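See below for the structure under consideration.
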Amino acid sequence: MPQLPDAPADTPAPRRLLTIGVTQFVAAAFVPQHLVAGFGGAMPARGQEGIEGHQQAVARRPAGYRAEVPVTFTYDWEEYRLVVRGRIDGLTETEDTFEVEEIKTTWRPVAAIREEDYPIHRAQLLLYVYFLMVHHPGKRVVGKLTYLNLDDLSERSFPLEIPIEEGERFFTRLALAHLQAQRERDEWRRVRDASLARLQFPYPDRRPGQEELMAAVAQALEEERDLFVEAATGIGKTIAVLYPALRRLGQSERFTRIFFLTAKTAGKAILESTLRTAHARGLRLRTLFIEAKARACLSPGCQCHPDTCPYAQDYYAKAARVLPELLQHELMTAAVVRAYAERDRLCPFELSLDLALQADLIVCDYNYVFDPRVYLRRFFAPGSPPDHLFLVDEAHNLVPRGREMYSATLGQQQLTELAAAAWAADPELSQACADVAAFLEEWQRELRETGQSALRLTALPEMLPPAVARLLERASAFLATNAPSMLWDQVQELFFTLTAYARVAALLSEEYALYVKMEAGWAVLHLFCLNPGPLLRRRLDGARCTVFFSATLSPHEYFRELLGGSPEALSLRLPSPFPPENRLYLHVPGIDTRYRAREKSAHAVARCAEALVAAHPGNYILFFPSYAYLNAVRPLVKDLLAGRASVYTQRPAMTEAEKRDFLRKVTATGTGRSRVGLAVLGGLFGEGIDLPGEQLVGVLIVGPGLPVVNEEQELIRGYFEARCGEGFRFAYLIPGLIRVIQSAGRVFRTPTDRGVVLLVDDRFATEPYRDLLPPDWFPSGAGLACADYAEVLAEFWGDDGAGPRGQ
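Counting from 2, one number per residue, gives the positions in the sequence shown under the working numbering.
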């Protein structure tokens, strides 16, 4: 077998094996000039329709036609062995000839397809032809690129025959690019691993619990098992999880990168600070912080199109020049990436995705790993080795986020309005919209006739998926061939909706509920994920192991089920490291905050707030189960605290600036006046914020935080009642108590913090609510049903600093 041109004849036996699929191998040769949203990529039919189309094409081929023929091509260069694997769609062999066929299914009329439309398809076929020419030098090898329309099964083929020298030049160019890039990565890895071998814990002292946590993480990585860690606020979870992970990254080639997944800005800020400390002590690590696309965008309101966005123009050539310079920073924060993007007029979000390929540690939101719509496909392609490590921060949030990511909707209004708007410009697109809308119109009629609030479906109509696929094809073609306009914007929005819907529809299983509801007079189809665990597991299988950590990961069986944890997963629960005498938990008895009793209980709740401030002036947050209840109590609290405290209120849909302003006002210290914030339980201020010292000395939590009873919560309850008899517990009780515990955790952030948590609702003292509260809150029942709570508060805050009675 020939060598690549510049490989010396005496090259020793290869030591480094690289395996890559043909599709991924050839994609590197086709980099466009401008950055354009991937509309054209929807041309080939995918999923079940594409599979069935291939099968129908093969069924029409003559005897002797072989389908799905595996092929492997191996080349050695320096210390590397490159193995390219693929699967030929169809192969026909005669005595002196091979005919290789590459089949692409499409919804486009095949008569409209030109040979040059999709050069990557021709390139893939060219490689298969070349591989067979090398393997069978005595035979003639020809190729045929066939497009099959899934509507009418018509075909169009383009022949291919090349001299072997053309194939060799093309393959060699791609192989050298891959191998030289791999050599650069290996050289960097040697530098990185040497620094990781010298890495010391970046702080002089270790907090109570950190040694135990680091040992558990090290064990999980060594055994390649998932780990669930519940560690109370203040232990220092981030560094205790990250430090052994970095050490392992430098020791084992089975891990190539770490994904640190977090839903909160605060988690990223803590990690950045930790890494800066480590870099100052000699750490060499390429860390990338990926900012959300909407937040990163330098042209808000512009379409992602080179005609309207200057940051998309000539993107790839400019990025090739900027990437090596950016990599020199190693700690590539969102601010660093943005600075280079602004300087060179590049899309910062796309630039961060390109940097990700070179990163050792990627810090990003959950969706870039789990969401079927936006996950980083470059790392999780089929056949990719599971060589990642996932560290999931605030992992309790992944349950509701998982449901959200794996659910989708399809609305009648959007389809109907676009069908009308597109009729003159693109009748085929308009008709395709109307075809899909017809299914929703039928459900709309049924809902109106029966008067039902929702219509449950056992399965999707058989003809809906192909209708959606045809509409996606028409929308894709429109976006790829038309300049931006108002109609273009509408089609783009529909394209994204349909893409999200189609990707979720491909995952449908018993973990889903399908239903149709009327919303503002229009029918909306919901694909609602009841249990995200099995779907999350599919992505978790792309990692060697995953560490889930949070202050609220109990009960273990709930989170293992809904986060997709393996049966072999390890678990660790660490109590608060802070002195118990600094923490007061009290439950006020005799107050019913259920919905039917809220009007009667409002005054009692306001008096509890007054008792907090009277016992000790300071900063407090009162958490309510809803805005309605908050607004009912607010005037009462203002009246009772008039002259003693300033009262601030969370509002729905606050902007980032408004959130910062609320926190600034509530947590200001040294003002000589108490400050009281009114917020919604489970909302913006119930977790993910760090308020140490006098910034926050207490919280009052009204009610157990149960989710609102609605269609989807009832579907969840029914699913888990049938599955394990835990419907109410899984749908309402556990999610509610997580909100309570997270809100209480805002008070105690450092070993010297003193503060109080006041629980208001009679249910807290009863089972099953009490059983789900942390065991160190009410040891032996102390503090529960505390009728003299005002006196206990006063004693806790007494000048002698003594803790409360019975604690």
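Quick reminder that beta carbons are idealized off the backbone N, C-alpha and C, glycines included.
Model, not experiment: these values are computed from the prediction.
Please state the DSSP three-state secondary structure of residue i.
i      : result
SER572 : strand
CYS305 : coil
LEU412 : This sequence places Gly at residue 412; Leu is not what is there. Of the three classes helix, strand and coil, the one that applies to GLY412 here is strand, per DSSP.
CYS725 : helix
THR753 : coil
HIS330 : coil
GLU562 : helix
THR275 : helix
SER647 : strand
MET134 : helix
MET44  : With a pLDDT of 41 at MET44, under the threshold of 50, the modelled position of this residue cannot be trusted, and the question is left open.
LEU794 : helix
ASP315 : coil
TRP189 : helix
GLY807 : Since pLDDT at GLY807 reaches only 33, below the 50 mark, its modelled position is unreliable, and the value read off the structure follows with that caveat. Three-state result, GLY807: coil.
ILE592 : coil
GLY210 : coil
LEU19  : strand
ARG85  : According to the sequence provided, residue 85 is Val. The question's Arg does not apply to it. Residue state, collapsed to three classes: strand.
GLY51  : helix
SER196 : helix
CYS298 : coil
TYR628 : helix
ILE163 : coil
TYR76  : strand
GLY782 : helix
LEU585 : strand
ARG1   : This structure does not reach residue 1, given that the chain is present from 2 up to 808, and the question cannot be answered.
Anyone know if the C-beta pair for residue i and residue j falls short of 9 Å?
i      : j      : result
VAL831 : THR98  : Any answer about residue 831 is impossible in this case: the structure gives the chain only from 2 up to 808.
HIS122 : LYS140 : no
ARG86  : LEU18  : no
LEU526 : VAL517 : yes
PRO533 : LEU554 : no
LEU794 : ALA616 : yes
THR288 : LEU362 : yes
ASP777 : PRO581 : yes
CYS546 : ASP227 : yes
LEU328 : GLY251 : no
HIS55  : LEU149 : yes
TYR621 : VAL677 : yes
LEU515 : LEU458 : yes
VAL681 : PHE765 : no
ILE236 : GLN220 : no
GLY168 : VAL130 : yes
TYR317 : SER300 : no
PHE229 : LEU774 : no
ASP118 : GLU102 : no
LYS238 : ASP366 : no
PHE381 : ILE259 : no
Check the C-beta distance from residue i over to residue j and give it rounded, since I have them as a contact under 8 Å.
i      : j      : result
ALA646 : SER675 : 4 Å
PRO373 : TYR407 : 7 Å
VAL469 : TYR502 : 7 Å
LEU642 : VAL634 : Going by Cβ atoms, the distance from LEU642 to VAL634 rounds to 12 Å, so no, they are not a contact pair.
LEU416 : HIS588 : About 52 Å separates the two Cβ atoms, so there is no contact after all.
ALA232 : PHE550 : 6 Å
TRP523 : GLN414 : 4 Å
GLY699 : LEU613 : 6 Å
THR672 : GLU695 : Not quite, the Cβ-Cβ distance comes to about 10 Å (not below 8 Å), so this is no contact.
Bridge partners of residue i, per DSSP?
i      : result
ALA232 : LEU575
LYS518 : ALA455 and VAL525
CYS546 : LEU390
CYS530 : TYR513
TYR621 : VAL677 and GLY699
GLU94  : PHE99
ALA68  : GLY91
> Which full runs of the beta strand (DSSP E) of 3+ residues lie inside the region 647 to 730, going along the chain?
Replying inline: 675 to 681 and 699 to 703
> Which ranges does the beta strand (DSSP E) cover as unbroken runs of at least 3 residues, wholly within the region 431 to 494, from first to last along the chain?
Replying inline: 455 to 458
>> Which runs of the beta strand (DSSP E) at least 3 residues long sit entirely within the region 97 to 155? Give them in chain order.
In response: 98 to 107 and 141 to 150
> Can you list, in chain order, the stretches of the alpha helix (DSSP H) that have 4 or more residues and sit fully within the region 237 to 275?
Replying inline: 238 to 252
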